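In this note's numbering, the protein residues as written are 30 to 250.
So this is what it looks like as C-alpha cells:
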C-alpha cells in the first residue's frame with residue numbers, strides 16, 4: 030500500500046517529488062480523483078480548498094476528476110475512482126468524511142483499490158487513515174467542534190500510528206508541541222505532528238517523513 034499523508038497538500042517540491050515516487054510514472058500520464066467530501070460542511074471562506082486544488086493542478090496531470098462520495102451513488106463514483114492512479118482526499122471535517130466513507134461503502138473497498146493506486150490526503154483526508162480519528166475530547170475540539178452524525182472514533186486503520194496536521198499553525202493555536210507531548214502520555218502508538226510543509230510517505234511498512242517544514246514525532250520506537 031502506498032500513501033502520502035500531508036498536512037497542507039502539495040505545498041513544496043519535496044512533497045511533489047514524494048508523490049511522483051509513489052506513482053512511479055510521469056505526472057502527464059497520471060490521473061487523479063479529488064474527493065472533496067470532508068470540506069462540504071466547512072462554513073465560510075473556502076479559499077484554502079481552492080488553493081489545495083490549485084497546487085494539484087500545478088502538477089500538470091493527465092486528468093483531474095472531482096468525485097464527491099456524498100453526492101453520487103456508488104455506481105457512479107466507483108468506476109471513476111477505479112479509472113485513476115491517485116485517490117486524493119481533501120481537508121475539512123474528519124468525522125464527516127469518516128461518516129461518508131462508511132455510509133458510501135468506500136471504506137470497505139479501499140484496501141482493494143489501494144493495491145494498484147496511491148492514497149493521498151490533506152489534513153482530514155490524512156487523519157481518517159489513523160486507527161482512530163480522535164485522541165480524546167480535547168483533540169476533537171482542536172480540529173472540529175461538531176461530530177456530524179459519526180457516532181464513533183474509529184478511523185480507517187490504514188496506518189498504525191497517528192497523523193496530526195497543522196503543527197503550530199495560527200489557525201489551530203492549540204495544535205502545538207506542548208499539547209502533543211501531553212496527549213502522547215496516554216497512547217502507545219507513535220504520533221506524527223506535521224506543519225503544513227510536511228508529509229508522511231508510506232510504502233508498505235516503510236514510513237518516511239518528507240517536506241521542507243517542521244515536524245514532531247512522539248512515542249517513536
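Using N, Cα and C, we set each Cβ at its ideal position, and we do this for glycine too.
Here the structure is a predicted model, which means the values were calculated and not measured.
Counting the other CB atoms within 10 Å of its CB gives residue 65 a total of 16 or more, which places it among the buried residues. Our two residues, residue 96 and residue 111, have alpha carbons roughly 12 Å apart in a direct line.
DSSP, reduced to helix, strand and coil, places residue 193 within a strand of the structure shown. Residue 164 sits close to residue 212, with the two beta carbons spaced by under 8 Å. Per DSSP, reduced to three states, the secondary structure at residue 74 is coil, with no helix or strand assignment. Residue 60 has its alpha-carbon roughly 34 Å from the corresponding atom of residue 199. The beta carbons of residue 154 and residue 67 sit about 6 Å from each other, so the pair counts as a contact at 8 Å. Within a 10 Å sphere around the beta-carbon of residue 152 sit 16 or more other beta-carbons, which makes this residue buried. Counting the other CB atoms within 10 Å of its CB gives residue 100 a total below 16, which places it among the exposed residues. Look at the beta carbons and you see the stretch 71-80 not touching the stretch 44-51: under three pairs across the two are nearer than 8 Å.
The alpha-carbon of residue 244 is positioned some 6 Å away from that of residue 224. In this structure, residue 85 and residue 63 form a Cβ contact; the two beta carbons are roughly 7 Å apart against a cut-off of 8 Å. Per DSSP, reduced to three states, the secondary structure at residue 56 is helical. Leaving aside the five residues that flank residue 129 on each side, the residues in its chain whose CB is nearer than 7 Å to its CB run, in chain order, 66, 98, 99. One thing to note: residue 162 has its Cβ no nearer than 8 Å to the Cβ of residue 105. By the Cβ-count criterion, residue 238 is exposed, with fewer than 16 other Cβ atoms from all chains shown falling within 10 Å of its own Cβ. Taking a C-beta distance under 8 Å as the contact criterion, residue 33 and residue 149 qualify as a contact pair. Contact between residue 114 and residue 146 is confirmed by a C-beta separation of about 6 Å, below the 8 Å threshold.
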